[in-house]
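*Asks:* Residue numbers (the working numbering): 17 to 289. Here a beta-carbon is modelled for each residue, glycine too, at the ideal position from N, C-alpha and C. Owing to the predicted nature of the structure, the values given are computational and were not obtained by experimental measurement. Starting off with a structure, shown below.
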DNA sequence: CTGTTCTCCTGTGGGC
DNA sequence: TGCCCACAGGAGAACA
């Protein structure tokens with residue numbers, strides 16, 4: 017499940033291989049993703065050069081002369097680079113190929129099809145999906161003052177608030193769980209009930225846990241190229257996520273699981289208050 | 001506004 | 001051991 021660190025790793029994995037290159041063809045084998053993939057993607061992209069690759073929240077943005085590709089990996093999406101397209105036969109869930117002028121293929125793979133592959137004839141900043149997103153968690157705009165203000169009137173569980181993209185982007189279920197554990201805060205607490213010191217701890221926990229995961233991801237970059245395997249994403253070790261009934265790594269008390277906002281929520285009742 | 005529920009989809013795993 | 005069904009999850013949309 018690609019969280020922000022995996023998306024960032026994907027960006028770093030694909031960018032050097034497609035930057036500046038020209039699209040020879042685009043093949044769409046399955047257009048039913050979260051939103052329909054443009055049927056005329058080939059007509060749109062042919063002959064266009066990749067001007068830049070970037071990321072906003074968990075969206076990848078590939079900029080061309082006349083617009084941008086907006087790619088979201090959803091739950092199970094991945095992008096792979098193949099240096100010789102004809103060497104790699106498309107598998108069951110290989111939905112989209114972009115073939116470049118030097119033979120490089122960028123392939124979108126997504127079994128559950130929660131992802132998105134959209135074309136937008138405009139600048140990224142004005143796209144509706146990106147326009148009202150909160151700050152990037154690793155940017156200077158994400159700090160305790162900001163979070164305190166954002167939480168001020170929120171009665172919803174702090175975990176839900178943390179996962180709200182209008183508050184801060186890129187904090188999915190896994191890292192929301194992990195951050196709250198690191199900050200020693202119970203996930204069910206109303207966001208507005210957090211004290212200033214707790215908000216400071218939480219801000220640093222979010223930043224730290226994502227930063228460390230991105231650093232780990234760096235070592236797996238080669239997996240994005242010419243890889244036969246399909247794991248792709250690094251297996252991070254989690255302190256609470258998925259550790260229901262296992263002993264807390266800090267105090268030994270069994271990790272508990274509950275449901276908050278329809279999502280599995282893991283926490284140590286002894287370490288988090 | 002704020003908060004909650006629904007929805008898309010398929011591979012995995014827990015239960016029997 | 002084998003089968004089957006519930007579950008998991010990002011996040012926008014719809015709704016109260």
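Counting pairs of beta carbons, one from the stretch 156–171 and one from the stretch 204–211, are three or more of them closer than 8 Å?
*Replies:* Under the three-pair Cβ rule at 8 Å, the stretch 156–171 counts as touching the stretch 204–211.
*Asks:* If we ignore side chains and look at the alpha-carbon of each, how far apart do residue 171 and residue 138 end up?
*Replies:* 37 Å
*Asks:* For residue 31 and residue 68, I'd like the C-alpha separation in whole angstroms.
*Replies:* Put simply, the backbone Cα of residue 31 is about 8 Å away from that of residue 68.
*Asks:* Using C-beta distances below 6 Å, list every residue in its chain close to residue 243, excluding the 5 sequence neighbours before and after it, in chain order.
*Replies:* Because the pLDDT of residue 243 is 46, which lies under 50, any placement of that residue in the model is unreliable, and the question is left without a value.
*Asks:* Since residue 25 is in the alpha helix (DSSP H), which residue starts that stretch and which ends it?
*Replies:* 20–34
*Asks:* Of all the options 41, 51 and 229, which has the alpha carbon lying nearest to the alpha carbon of residue 64?
*Replies:* 41
*Asks:* When the Cα of residue 35 is compared with those of 50, 97, 125 and 88, which residue comes out closest?
*Replies:* 97
*Asks:* Mind listing, in chain order, the continuous alpha helix (DSSP H) runs of no fewer than 4 residues lying wholly within the stretch 110–170?
*Replies:* DSSP assignment within the stretch 110–170 yields the following whole alpha helix (DSSP H) runs of 4 residues or more, N-terminal first: 144–147 and 160–167.
*Asks:* For residue 111, tell me which candidate among 161, 49, 118 and 91 has the shortest Cα-Cα distance.
*Replies:* 49
*Asks:* Within 10 angstroms of the Cβ of residue 18, are there 16 or more other Cβ atoms? Answer buried if so, exposed if not.
*Replies:* The Cβ neighbour count for residue 18, taken over all protein chains shown within 10 Å, is at least 16; the residue is labelled buried.
*Asks:* Take residue 215 as the anchor and find which of 229, 226, 175 and 227 has the nearest alpha-carbon.
*Replies:* 175
*Asks:* According to DSSP, what are the bridge partners of residue 280?
*Replies:* 275
*Asks:* Taking the beta carbon of residue 290 as the centre, do at least 16 other beta carbons fall within 10 Å, making it buried, or is it exposed?
*Replies:* This structure gives no information on residue 290, because the portion of the chain shown stretches from 17 to 289.
*Asks:* Taking C-alpha atoms, which residue in 89, 85 and 116 lies nearest to residue 130?
*Replies:* 89
*Asks:* What number of angstroms, rounded off, separates the C-alpha of residue 232 from the C-alpha of residue 20?
*Replies:* The alpha-carbon atoms of residue 232 and residue 20 are separated by roughly 13 Å.
*Asks:* Can you find the residues in the same chain that come closer than 8 Å, C-beta to C-beta, to residue 182, ignoring five residues on each side of it along the sequence?
*Replies:* Sequence-distant partners of residue 182 (beyond 5 residues in either direction) whose C-beta falls short of 8 Å from its own C-beta, in its chain, are 148, 149 and 150.
*Asks:* For residue 190, count neighbouring C-beta atoms within 10 Å of its own C-beta (all shown protein chains included) and say buried if the count is 16 or more, exposed if not.
*Replies:* buried
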